[in-house]
Every structure is written in structure tokens, then in C-alpha cells.
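For the sequence shown, full-length UniProt numbering begins at 1 and goes up steadily by one. We put the CB at the ideal spot given by N, CA and C, even for glycine.
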Amino acid sequence: MGLELYLDLLSQPCRAVYIFAEKNGIPFELRSVDLRKGQHLSDVFAQVNPRQKVPALKGGLHTFPHPSCPPLPHSMAILLYLARKYKAQACVDEYLAWQHTTLRRNCFQVLWHKVMLPVYLGEPVSPEMLTATLAELDVTLQVLEDKFLQNEAFLAGSHISLADLIAITELMNPVGAGRRVFEGRPKLAAWHQCVEAAVGEVLFQEAHEVILKAKDSQAADPTIKRKLMPRVLSMIQ
Ligand SMILES: N[C@@H](CCC(=O)N[C@@H](CS)C(=O)NCC(=O)O)C(=O)O
């Protein structure tokens, strides 16, 4: 059985998995799961990932960890599985350990506070809350630049790695929400260019087309909104 990737490119972990698989020539079938239509809450998708989240990977797991194991539901597990199976693992553990509770959280909150809550779900966010969210992101971006990027071309040295892919797909959340994260940050801006060139402009743009249009999302249908709201609230806290 070949690999099946269940993705919505609105989602950062999905974009990281998608670019990684495409860039490394890993053969897979793309299964689209539209979060804004609530497709992740369908019974069919619950068979794939009982946690009802994307990304999810199915198939091709004959060596990891067992043929009958359930699909991998977590993007880090998927990326590490693909990296180990299909290419040498880069030395990025420190970055991965840091980013999940910092950059991931901040970028996700900026997208939701600036766009997804007010525009898509029609739930206003107070200016104080938005200011605090943006200030937290600024602090985290400074750490990304000073501690991880330093004066190198990429986060883990002179070659692109999973760390860069995960970080850039995170940063495209606030970019998609209209935040100019690279403005006034020449090192991060140069890194962005290096990562985009290494990924390839066409694939980079294709993977980010959805998030760059997130600002133009149609307001959610009330039935879908009712279904999504409890999960959204638990996700953005
Ligand atoms: N830690 C998981 C997070 C997955 C996740 O939160 N996915 C979001 C999209 S970014 C999702 O599917 N949310 C739908 C929901 O929870 O209702 C990973 O990295 O794969």
C-alpha cells in the first residue's frame, strides 16, 4: 500500500509535511481534508485519524512500527518517520523541541486572532488580546534569529533542514494574516529567501497559496461554525 497524506494546506503542519514529501520525491497520494468545511469531523476521516486532526498519514508503515499500527496523526511523527525512512536525519532536535511550544503557538494565535476568529467565524478579538499576541510573536522571532539562525544561511547550519521547513511554514501563518514578519528583520528576510529558493519557488508558492488567501475566507456557515467552535476554543487557548 502506498503512502496517503491527509492534508489541508491552510494548516502549518500540513504544509511542512507536504513540502517535505514533494521536495524529497516521496511518492504519496494527496487526500484533501477541508477544515473549513468540517471534513475532518466526518466519520470517514475519524477512521483515518480518531483525533480528527490533520495532517495524517496512512499506509507504507510496514517497518514502522508494525503493519497493523494506526495511521500517524502527528506532524512531527510523520516528518521524522519520512525523514528516517527516505533521507538522512538532520541535527535539528533542539529546534524542534523549542518550536512546538513557542513559534508554533505564537504563529497559530496570530492567524486565529487576526483572521480566523474575526473574519471566518465572526468572533471579535479585543485589541488588547491582539496586541499581546503580536508582542509575544516579536519576542519569539527575536529568539529564532538570535539563538537559532545567528549568522548562518539556515537554522541548523549551511544546509536546509526540517527545522527551516517547519519554521517557514509557521511564519507563513502570520504572513497569511497580513503581519509583515520579515520587515525590519534583514536576517530573517534573507533566510526566508534562502529557504524559498532551496524549496523551489513554484512548490513554495503552491504550498502557501491557501494560507495567503486566508484573509479572504468566506464567513463560516452557522452549522459548521457550531460544530467547529468548541474545538477552536480548546485549540487557541
Ligand atoms: N500537533 C499536531 C497538531 C495538528 C493540528 O492541530 N491540526 C489542526 C490544523 S493546524 C487541526 O486539524 N485542527 C482541527 C480540529 O482540531 O478541529 C500536529 O503537529 O500534527
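8 Å CB neighbourhood of residue i in its chain, flanking five on each side removed
i, result
"Leu217", "Contrary to the premise, residue 217 reads as Ser rather than Leu in this sequence. Once the five neighbours on either side are set aside, the close Cβ partners of Ser217 are Arg36, Val115, Met116, Val119, Tyr120."
"Leu149", "Leu155, Lys187, Leu188, Trp191"
"Thr223", "none"
"His100", "Met76"
Rounded Cβ spacing between residue i and residue j (contact assumed at less than 8 Å)
i, j, result
"Ala189", "Tyr95", "With 8 Å as the limit, Ala189 and Tyr95 do not qualify as a contact, their Cβ atoms being about 19 Å apart."
"Leu9", "Val210", "4 Å"
"Pro55", "Cys14", "5 Å"
"Lys215", "Ala177", "7 Å"
"Ser161", "Glu152", "About 11 Å; that fails the 8 Å criterion."
"Gly2", "Gly38", "The pair is not a contact, with the Cβ atoms about 27 Å apart (cut-off 8 Å)."
"Ile78", "Leu57", "5 Å"
Neighbourhood of residue i by C-beta, 6 Å cutoff - its chain only, sequence neighbours within 5 removed
i, result
"Pro65", "Confidence at Pro65 is low in this model, with a pLDDT of 39, below 50, so its placement is unreliable and the value that follows should be read with caution. Cβ within range, chain order: n/a, list empty."
"Glu123", "Leu117"
"Gln12", "Thr169, Glu170, Asn173"
"Phe28", "Leu3, Leu5, Ala21"
"Thr102", "Thr140"
Counted within 10 angstroms of its Cβ, other Cβ atoms place residue i as buried (16 or more) or exposed
i, result
"residue 243", "It is not possible to answer for residue 243, since the shown part of the chain is limited to 1 through 237."
"Met129", "exposed"
"Leu5", "buried"
"Asn24", "exposed"
"Thr140", "buried"
"Leu233", "exposed"
"Val44", "exposed"
"Ala21", "buried"
"Ser126", "exposed"
"Leu30", "exposed"
"Arg179", "buried"
"His208", "buried"
"Arg226", "exposed"
Segment limits, alpha helix (DSSP H) that includes residue i
i, result
"Ser234", "222–236"
"Ala153", "Premise fails: Ala153 is in no alpha helix (DSSP H) and is neither H nor E."
"Lys23", "12–23"
"Leu165", "162–176"
"Thr102", "From DSSP, Thr102 is part of no alpha helix (DSSP H); its letter is neither H nor E."
"Trp191", "186–199"
"Ala46", "43–48"
"Val115", "Taken as a continuous stretch (DSSP letters only), Val115 belongs to no alpha helix (DSSP H), as it is neither H nor E."
"Glu123", "That residue, Glu123, is in no alpha helix (DSSP H); it is neither H nor E in DSSP."
"Ala132", "127–143"
Other residues of its chain near residue i: CB distance less than 7 Å, five sequence neighbours each side excluded
i, result
"Asp34", "Asp8"
"Gln237", "none"
"Gln109", "Thr133, Ile236"
"residue 242", "The displayed coordinates of the chain run from 1 to 237. Any statement about residue 242 would go beyond what the structure contains."
"Ala219", "Tyr120, Gly122"
"Trp112", "Ile236"
"Ala88", "Reliability of the predicted coordinates at Ala88 is poor, the pLDDT of 46 falling under 50, and no value is obtained from them."
"Gln52", "His40, Leu41, Phe45, Ala46"
Residue i: CB within 7 Å of a non-hydrogen atom of ligand 3
i, result
"Arg231", "Ligands displayed in this structure: ligand 1; ligand 3 is not among them."
Residue i - containing beta strand (DSSP E), residue span
i, result
"Glu29", "28–32"
"Glu4", "3–7"
"Leu57", "56–58"
Touch test, the region 138–149 against the region 182–198, Cβ-Cβ under 8 Å, three pairs minimum: yes
contact_flag[the region 196–206, the region 132–139] where n(CB pairs < 8 Å) is 3 or more: Counting Cβ pairs under 8 Å, fewer than three are found: no touch.
Quick test of the definition: if touching needs 3 or more C-beta pairs under 8 Å, does the region 14–26 touch the region 165–180? Counting Cβ pairs under 8 Å, three or more are found: they touch.
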